[in-house]
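J.: Residue numbers (my numbering), protein chains in the order written: chain F, 1 to 305; chain X, 1001 to 1305.
The beta-carbon is built from N, C-alpha and C at its ideal position, and this holds for glycine as well.
None of these values were measured; they are calculated from a predicted model.
Have a look at this one before I ask anything.
Number of protein chains: 2
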Amino acid sequence: MAEIWNTQPTVDRLLSEAKSGAERLVQAGLIPKLTVVRVGNHPASRVYVQKKVQMCQDLGFGSDHLQFEESISESELLATIIGLNNDKTVHGILVQLPLPDHVNAEKILNAIDPDKDVDGFHPVNVGRLSIGQDGLFPCTPMGVMELIRDAEPQLSGKHAVIVGRSNIVGKPMAQLLLQANCTVSILHSRTQNPQQLARQADIVVAAVGRPGLIDADWLKPGALVADVGINELTDADQVARFTAPDSKKRSAFERNGRVLYGDVNFDSAMQVAGKVTPVPGGVGPLTIAHLMVNCIRAAERSRHE
Amino acid sequence: MAEIWNTQPTVDRLLSEAKSGAERLVQAGLIPKLTVVRVGNHPASRVYVQKKVQMCQDLGFGSDHLQFEESISESELLATIIGLNNDKTVHGILVQLPLPDHVNAEKILNAIDPDKDVDGFHPVNVGRLSIGQDGLFPCTPMGVMELIRDAEPQLSGKHAVIVGRSNIVGKPMAQLLLQANCTVSILHSRTQNPQQLARQADIVVAAVGRPGLIDADWLKPGALVADVGINELTDADQVARFTAPDSKKRSAFERNGRVLYGDVNFDSAMQVAGKVTPVPGGVGPLTIAHLMVNCIRAAERSRHE
């Protein structure tokens, strides 16, 4: 029987590193600043942005929130990014997705100065990660990597299986685990008999966007399981399949008609795994904590240029 | 019993694609040109460069060979690269490695305009490959990918094992096979029990630089085996271990005191595999053929800028 993988100690460590980094920089006369760019009025985006801005304040560094109308043109948005690139008081630029359809998101993200790209999505940073050069790397896989290191200091030679191959999680996660000397397998929707390969893994990272896909049958006894999936369940049958009748999740669903659920069938996985992160409250806080670390790194890097 | 995996049809196809691409461009008034930059007088480098320049001529497009003294300074070399970046008649820039110790190779390679980087080593191209954007990608893995596609048109869901995690072969090979919807496992020197994982693979790419490492025990019956390793054997015991007494390789060794040998134990692998590429004469010609394709792609891309 697994234990619930508590991510809070790793989150606390990352936030405390960001805080002391901010203090050092402020003492040296440099106030780190994150600028978040948001377009339109997507309600979830607003909540995310407010959370990020608030956390910068809590950690003692600067933040700005630029809010644009849905109707902003691509060229206006590009001009904004270029202005932020040239603004020496701004160290991190984050464009909150999604962007409106009339804006080419790739073009906007590629316009961000890679050394201010705290999301780590710019091709230059993707390339640097792969090659093993210094850079800014995506927050979710970086946060999960810290979590894994805290649980298993001896990663060399461990077999890590990543389920999902997104640019934001799966692929950078593979690069990070490979750098840590893990043997890495990447599974996805086209993989035949994925259970068989996943059952050989010491570490499983689930980032595929399919609720409850990974159950006990996918896991080696004692495996570490990081669940990056956040799926909204609204179907009562599906909820009944994944949750016990007397569970908090079930009663949350009965109250709200919806409930968040990961890519891991939690109750089933807990029968076999060593540790499983919960959803929500597992990997999510690691992501935002690592965004803070990235802001400090970007500010530190700006001193050496 | 395997067949020897003949790479010549794929090589011929790539060269013919490059040739007809060059013809199209020349007819449209654009003469594709590759400029090779070489520093010092490393004899093997000279042979490689001559081969590349000759092949451009054979295919009907331009090439230049800039040769510098070993004593050239880093800043002079950088200035040369920047000059080539700005020269609209040059579409491909290739800096032949190795560079002298007093020159920072990473700095030089990163200075090449990514859109002229026909080696595909620039971080921007590495990033584009990972994200799935258009770009110029490394010649050896690109060539091997064409070979694999020619042998196995149905790659989706196949399990590919890559042995080795270099920036030049292993990592880009993993990206390409993943894009082709393969399940991908990356093995390396720290992998525990690599045979067990390799034996599950439909496709094995060996790029680890350890002569004869991969033998029958690593292979599933019928597996496709691409051997990217080129190791020089000079030790008689090692040669005796890998070659039959009456083989051509053995007599070549007896004549020259050295012989080239791949990462695959060829005779052993042939007992189990479906196809195995020979060394030399297997993957090597694919690499240079794909360099020609990259030159044409770079020239084509320059028209759309």
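(1) Give the secondary structure of residue 1185 (chain X) by DSSP, where H, G and I count as helix, E and B as strand, and everything else as coil.
(2) So residue 15 (chain F) packs on residue 59 (chain F), CB below 8 Å; how close in whole Å?
(3) According to a CB-to-CB cut-off of less than 9 Å, which residues of the stretch 123-138 of chain F neighbour chain X?
(4) Over the uninterrupted alpha helix (DSSP H) stretch that includes residue 1232 (chain X), give me the two end residues.
(5) Evaluate residue 114 (chain F) with the Cβ neighbour count: other Cβ atoms within 10 Å of its Cβ, from every protein chain shown; 16 or more gives buried, anything less gives exposed.
(6) Assign residue 290 (chain F) to one of three DSSP states: helix, strand, or coil.
(7) Along chain X, which residues have their Cβ under 7 Å away from the Cβ of residue 192 (chain F)?
(8) Could you tell me whether the Cβ atoms of residue 1225 (chain X) and residue 1219 (chain X) are closer together than 8 Å?
(9) Establish whether the CB of residue 185 (chain F) and some CB of chain X are separated by less than 8 Å.
(10) Could you spell out where the alpha helix (DSSP H) holding residue 1239 (chain X) opens and where it closes?
(11) Relative to the C-alpha of residue 33 (chain F), which candidate in F:88, F:51, F:208 and F:163 has its C-alpha closest?
(12) For residue 147 (chain F), which option in F:83, F:7 and F:50 has the closest C-alpha, if you only look at C-alpha atoms?
(13) On the DSSP bridge assignment, give the partners of residue 266 (chain F) in chain order.
(14) Could you give the residue range of the alpha helix (DSSP H) that holds residue 80 (chain F)?
(15) Taking the C-alpha atoms as reference points, what is the distance between residue 1189 (chain X) and residue 1196 (chain X)?
(16) For residue 1038 (chain X), does the three-state DSSP call read helix, strand or coil?
(17) Which residues of chain X have a Cβ atom closer than 7 Å to the Cβ of residue 165 (chain F), listed in chain order?
(18) Whether or not the stretch 238-247 of chain F and the stretch 199-218 of chain F are in contact is what I'm after, with contact meaning three or more pairs of Cβ atoms, one per stretch, closer than 8 Å; do they touch?
(19) Can you tell me the Cα-Cα spacing of residue 70 (chain F) and residue 296 (chain F), whole angstroms?
(20) So is residue 172 (chain F) buried or exposed if we call it buried at 16+ other beta carbons inside 10 Å?
(21) Would you kindly work out how many angstroms separate the C-alpha atoms of residue 1135 (chain X) and residue 1255 (chain X), rounded to a whole number?
(22) Look at the Cβ atom of residue 1259 (chain X), then the Cβ atom of residue 1005 (chain X), and state whether they are nearer than 8 Å.
(23) Between residue 197 (chain F) and chain X, is the shortest Cβ-Cβ distance under 8 Å, so that the two count as touching?
(24) Going by DSSP in three states, residue 1069 (chain X) sits in which element: helix, strand or coil?
(25) Helix, strand or coil for residue 156 (chain F), going by three-state DSSP, please let me know.
(26) So, with DSSP's three-state summary, where would you put residue 16 (chain F)?
(27) Express the C-alpha separation of residue 19 (chain F) and residue 28 (chain F) in angstroms, rounding to a whole number.
(28) Tell me the rounded alpha-carbon separation between residue 191 (chain F) and residue 1156 (chain X).
(29) So, helix, strand or coil for residue 33 (chain F), using DSSP?
(30) Nearest by alpha-carbon distance to residue 1107 (chain X): which of X:1093, X:1122 and X:1118 is it?
(31) Only counting runs of 4 or more residues, tell me where the alpha helix (DSSP H) segments fall wholly within the stretch 1114-1152 of chain X, in order along the chain.
(32) Output the distance between the C-alpha atoms of residue 1216 (chain X) and residue 1222 (chain X), rounded to the nearest integer angstrom.
(33) Which residues in chain F have a C-beta closer than 7 Å to the C-beta of residue 1171 (chain X)? List them in chain order.
(34) What does residue 1181 (chain X) touch in chain F if you count any residue whose Cβ is under 8 Å from its own?
(35) Looking only at its chain, what residues have a beta carbon closer than 7 Å to the beta carbon of residue 1178 (chain X), apart from the 5 residues adjacent to it on each side?
(36) For residue 1118 (chain X) and residue 1269 (chain X), what's the separation of their Cα atoms in angstroms?
T.: Short version:
(1) In the three-state DSSP reduction, residue 1185 (chain X) falls in the strand class (E or B).
(2) With a Cβ gap of about 7 Å, residue 15 (chain F) and residue 59 (chain F) count as contacting.
(3) Taking 9 Å as the Cβ-Cβ cut-off against chain X, the residues of the stretch 123-138 of chain F that qualify are 123, 124, 125, 126, 127, 128, 129, 130, 131, 132, 133 and 135.
(4) Segment 1231-1233 is the beta strand (DSSP E) holding residue 1232 (chain X); no alpha helix (DSSP H) there.
(5) Residue 114 (chain F) should be labelled buried.
(6) DSSP places residue 290 (chain F) within a helical segment (H, G or I) once states are collapsed to three.
(7) Ordered by position in chain X, the residues that pass the 7 Å Cβ test against residue 192 (chain F) are 1157.
(8) Using a Cβ distance threshold of 8 Å, residue 1225 (chain X) and residue 1219 (chain X) count as a contacting pair.
(9) At least one beta carbon of chain X lies nearer than 8 Å to the beta carbon of residue 185 (chain F).
(10) Its alpha helix (DSSP H) spans residues 1236-1242.
(11) The shortest CA-to-CA distance from residue 33 (chain F) to any of F:88, F:51, F:208 and F:163 is the one to F:88.
(12) With distances taken between Cα atoms, residue 147 (chain F) lies closest to F:7.
(13) According to DSSP, which records beta bridges pairwise, residue 266 (chain F) is partnered with nothing at all.
(14) DSSP places residue 80 (chain F) inside the alpha helix (DSSP H), whose first and last residues are 74-86.
(15) Between the alpha carbons of residue 1189 (chain X) and residue 1196 (chain X) lies a distance of about 14 Å.
(16) Residue state, collapsed to three classes: strand.
(17) Correct list: 1178.
(18) The count of Cβ pairs closer than 8 Å, one atom from the stretch 199-218 of chain F and one from the stretch 238-247 of chain F, reaches three, so the stretches are in contact.
(19) In a straight line, the C-alpha of residue 70 (chain F) is about 30 Å away from that of residue 296 (chain F).
(20) Residue 172 (chain F) comes out buried.
(21) Rounded to whole angstroms, residue 1135 (chain X) to residue 1255 (chain X) spans 45 Å at the Cα level.
(22) In this structure, the beta-carbon distance from residue 1259 (chain X) to residue 1005 (chain X) does not fall below 8 Å.
(23) Yes, because at least one Cβ of chain X sits closer than 8 Å to the Cβ of residue 197 (chain F).
(24) Of the three classes helix, strand and coil, the one that applies to residue 1069 (chain X) here is coil, per DSSP.
(25) Coil.
(26) Three-state result, residue 16 (chain F): helix.
(27) The alpha-carbon separation between residue 28 (chain F) and residue 19 (chain F) amounts to approximately 14 Å.
(28) Cα to Cα, the separation comes out at about 8 Å.
(29) Look at residue 33 (chain F) here: in three-state DSSP terms it is strand.
(30) When C-alpha distances from residue 1107 (chain X) are compared across X:1093, X:1122 and X:1118, the shortest belongs to X:1122.
(31) The stretch 1114-1152 of chain X contains these whole alpha helix (DSSP H) runs: 1123-1131 and 1139-1151.
(32) Taking the straight line from one Cα to the other gives about 11 Å.
(33) When 7 Å is used as the limit between beta carbons, residue 1171 (chain X) is near these residues of chain F: 130, in chain order.
(34) Within 8 Å Cβ-Cβ: 188 and 190.
(35) Here residue 1178 (chain X) has 1184 as same chain residues with Cβ atoms under 7 Å from its own Cβ, once five neighbours each way along the sequence are excluded.
(36) The straight-line gap from Cα to Cα measures roughly 33 Å.
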